[in-house]
Every structure is written in structure tokens, then in C-alpha cells.
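Colleague: I'd like to ask some things about the structure below.
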Amino acid sequence: MMYLYVYLSNVLRDLKEEAGQGMAEYALILALVAVLLILALGSLQGGIEGAFQDVTDALNGTTGEGG
């Protein structure tokens, strides 16, 4: 009976440790994705800004060339 108790307590302990480890891994992946997204948007800022300016100019009936 004691063997069964020790075995079950070890299994439950291992499950708790793995669940905590899984959450930490998900948090690290989420942080990595957030950093990569921030870097990507920062590097694309000029292109995105230019595209929105082109759309704004087209809606206003103006062009970006010479006024």
C-alpha cells in the first residue's frame, strides 16, 4: 500500500512540474513572437507609411510628385 502511495505521489509531482514548465515555454514563445513583431513593424514603418500616404493622396486627388 505504501508503494502505491509513493508511486502516485511521484506521478502527480511530475505532472505538476511538467505543467509549470509548459506554461513557462508558452510564455517564452509569446514573448519571442511579440519582440519579432515589434522589430518587423519597426523595420517596415517607412513602407507602410508611404503606402498610406499614397492612398491618402489618391483619395484627395493629389499626387506625391511635384505638388
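This note's numbering puts the sequence shown at residues 9 to 75. Glycine included, every Cβ here is placed at the ideal spot set by N, Cα and C.
1. Hey, could you find the ends of the alpha helix (DSSP H) T70 is sitting in?
2. Do you know how far the Cα of T64 is from the Cα of G58?
3. So, is the C-beta of G69 closer than 7 Å to a C-beta in chain C?
4. Counting only the same chain and skipping the five closest in sequence on each side, list residues whose C-beta sits under 6 Å from that of V41.
Modeller: To lay it out plainly:
1. As a position in the sequence shown, residue 70 is number 62, starting the count at 1. Careful: T70 lies outside any alpha helix (DSSP H) and carries neither H nor E.
2. Along the sequence shown, one-based indexing puts residue 58 at 50. Along the sequence shown, one-based indexing puts residue 64 at 56. Straight-line spacing of the CA atoms in G58 and T64 works out to 10 Å.
3. Of the chains in the structure shown, none is chain C; there is only one protein chain.
4. Stepping through the sequence shown from its first residue, residue 41 is reached at position 33. Within the same chain, no Cβ atom closer than 6 Å to the Cβ of V41 is found once the five residues on either side in sequence are excluded.
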